[in-house]
Each structure stands twice: as structure tokens, then as C-alpha cells.
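Numbering-wise, the UniProt record's numbering puts 45 at position 45 of the sequence shown, and it's gapless, one number per residue.
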Amino acid sequence: MDPQQRRTETGPRPPVGQPGGDVTSIFVVFGVFIAIAALVMSPSSLVHQVPEGHVGAYWRGGALLNSITEPGFHLKLPFITNYEPVQVTLQTDQVKDIPCGTKGGVMITFEKIEVVNRLRKDYVYDTLLNYGVNYDNTWIYDKIHHEINQFCSSHSLQQVYIDIFDQIDERMKDALQADCTRYAPGIEIISVRVTKPKIPESVRRNFEQMEEERTKVLIAIEKQRVAEKEAETKKIMAISEAEKNANVSKILMEQKLTEKDSARREADIENQMYLDRQKSLADADYYRVLKEAEANKLKLTPEFLELKFIDAIARNTKMFFGDKVPNMVLDQRLLGNFLNHSTKDKSNDGNSEIATDS
């Protein structure tokens, strides 16, 4: 191929300066973005963020400023004003490996103690002014070491490890809160959790054996208590059963007595009714006899007797002869005359009494 054809195929080339200008502008924009991001994200940048649950504290030239900011974005002078977020919600500080000596001279170690605390928002400035950002080192970490050592030095290993171990949490909380209330009122101690201390292996084995024996004794005592409780329950059940049977017997006896009393009353009523009926019959019979006697008395006149005598003689179809027959008739005559005279005498006596009364 000749040189003319090569020049025709190659053709005119674009200017060299145009692509280089585009790359330069891109690098400039990217550099500006990096500069802005570095300015924003740098601790000494103009814009900073206070996270939720915190407040912003500021130092200018090493002096703490009065301004405390709420969560959000805020502005400050870069490289002049320093910013530090301070947590005002609940936080847990862990204090580990606290050695202490008991009253008997045994060295023990508390592997971990957790202190739940909170810094009140109103006291952030005073607390930071007096104790700095690391105020918890003074009033929690160092203070818990001091209180634990004071507690161990005044108690024996038996007390610390077993007897009053359940009281250590409250005692530490009260001790920390008392000093904080006096010197740093913005710090609020919510709770303290103390783990079981680590004791020497030989002492630990002795305590485990002692605890095992104590557990056996407690189990025996509990079994005895359960047996006593069961015996007491059986006794109560027996007493209840006896009382129930006694009440049932009492009710049955009262029922029988009531039945007997009802039967007795019924018999008394029947006897009284029978007595009244017999009395009524006797009175009626007496009255009848009395009236018959009065009627017979009224009928027994001489004339009536003589009439009866005549009727008897008339009805008598047999007549015996002898010397006693006239006497029998005479005796009947004399009886009639006697009755007649008796009637007249009574009549005269009644008339004389009437005359005397008048």
C-alpha cells in the first residue's frame, strides 16, 4: 500500500486536549466531595451529630462550656471547640477482678461486679466540671474497689461467701449512692449485681463439703417436717372424722329423742282422749243412773207399789196355801203403809222449813 492510501485510511485525528479536560473536572468534583466528607466526619469538623440517649458537651480552649445540646445535628467551630457525647440513659459498668482479704486473712477475688447507673441530664455540666468525662472511673470503678475491700475486711469468709452474700448487692448500692448523693448528686445508682467470689481451691472444697452436709441436714429436716405435717394432717382428718361421726350420732340421737318425744306426746294425747271419753261415759252413766233413781223415787209411791202388788198377784197363776201366804200379803201392806207415812213426814218437814225461812 502506498503512503497516500495510508494517509487516507488514517484520516484526521481529534485534538488531544478535549478528553483530558473531562477527566480533570471529574477529579476536581471528587476531590471537593472528599474534602466536604472529611470536614463533616472529622472530630474537629463544623457539623457533628449527638446520638439519641446522649447530650453534647463542649470544650473551647480546654474550658467546659455551659451549653449542653440535645440529640441531633449541631454546628461548632472546627479545631477550636471540642465536642464529646455524654450518655444520660441507663448504662452498665462492669468492674472485674477485684481482690480483697477477709477478716480471717483469706484472699478472695470478685470476678465481676455490674453497676447499673445513670447520669441525670440536669447535672451533666456540674459532674463534668468536677470529675470530667470519665466521672465513672472515680465514683464507680474506684469506689466499688474501696467498698468491696471495706466489706471483706469486716466480715469472715463464711459470712462473705454464704451467710450474708445475698445482702452484698444492696449494701454496695447503698454505699455508692450515699457518696454519690453527697459529692456527685447527678449520678444515680440503679442496682448492683455481685457474682460469687472466687476463693482458694482447698477452701472451696471445704465449703462444698460443708454445703453438701448442710443440704443433707436440710433435706432430713424437711423430710421430718413433711412427716410431721402429714401426721398433723392425719390427726386433723381423724379429729374431723370423729367430730363428723359425733355430729352424725348427735343428730341421730336427737332424731330418736324427737321421735320418742313425739310418740310420748301422741300417747299422752290418746290417753287424755281416752280418759276424757271414759270420764264422759262415766258422767253420762252416772247422770243416767241418777235420773233413773230420781225417776224411780218419784214412781215409788204407795199407790204405785200397791198397783204393782195387785198386778203381780194378778199375773201369778200359782198360789200356794199355808200360813205364810197371808203374812206375805200383810207384809206387802205394811210396806206400803210405811212408805206412805214416810212420804207424808218428808212433806211436813219441807213445809216447816219453808215457813221458818219466810
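The beta carbon of each residue, even a glycine, is placed where N, CA and C say it ideally should be.
Among all the DSSP beta bridges, which residues are the ones paired with residue i?
i      : result
His145 : Its beta-bridge partners do not exist; DSSP assigns none.
Asp93  : Val115
His54  : Gln87
Met107 : Gly101
Arg214 : According to DSSP, which records beta bridges pairwise, Arg214 is partnered with nothing at all.
Find out if the Cβ-Cβ distance for the pair residue i, residue j is shorter than 9 Å.
i           : j      : result
Val116      : Ile221 : no
Pro99       : His54  : no
Arg120      : Pro78  : no
Ile162      : Phe110 : no
residue 381 : Ser67  : The shown model of the chain, from 1 to 358, leaves out residue 381, and the question about it has no answer.
Ile113      : Val192 : yes
Ile199      : Val106 : yes
Arg118      : Ile164 : no
Lys143      : Leu176 : yes
Asp97       : Trp139 : no
Asp93       : Asp136 : yes
Gln226      : Pro197 : Contrary to the premise, residue 226 reads as Val rather than Gln in this sequence. Contact: no.
Trp59       : Thr81  : yes
Buried or exposed: where does residue i fall if 16 or more other Cβ atoms within 10 Å of its Cβ makes it buried?
i      : result
Val95  : buried
Gly31  : exposed
Lys29  : The amino acid occupying residue 29 in the given sequence is Val; Lys does not appear at that position. By the neighbour-count rule (16 or more Cβ atoms within 10 Å), Val29 is not buried but exposed.
Met273 : exposed
Leu218 : exposed
Gly61  : exposed
Asp166 : exposed
Ile236 : exposed
Val203 : exposed
Gln224 : exposed
Gln56  : A quick correction: the sequence has Gly, not Gln, at residue 56. With 16 or more other Cβ atoms within 10 Å, it is buried.
In whole angstroms, give me the CA-to-CA distance for residue i and residue j.
i      : j      : result
Asn130 : Arg205 : 47 Å
Ile310 : Tyr287 : 32 Å
Val88  : His74  : 18 Å
Gly72  : Glu170 : 37 Å
Tyr141 : Glu230 : 53 Å
Val194 : Leu64  : 36 Å
His146 : Thr233 : 54 Å
Lys256 : Ala238 : 26 Å
Glu211 : Gln158 : 11 Å
Ala282 : Lys291 : 14 Å
Lys76  : Glu70  : 14 Å
Val289 : Thr258 : 45 Å
Gln150 : Ile108 : 13 Å
Lys260 : Ala246 : 20 Å
Glu201 : Ile168 : 22 Å
Glu52  : Arg214 : 52 Å
Glu303 : Asp276 : 43 Å
Arg315 : Leu307 : 12 Å
Val248 : Ser240 : 12 Å
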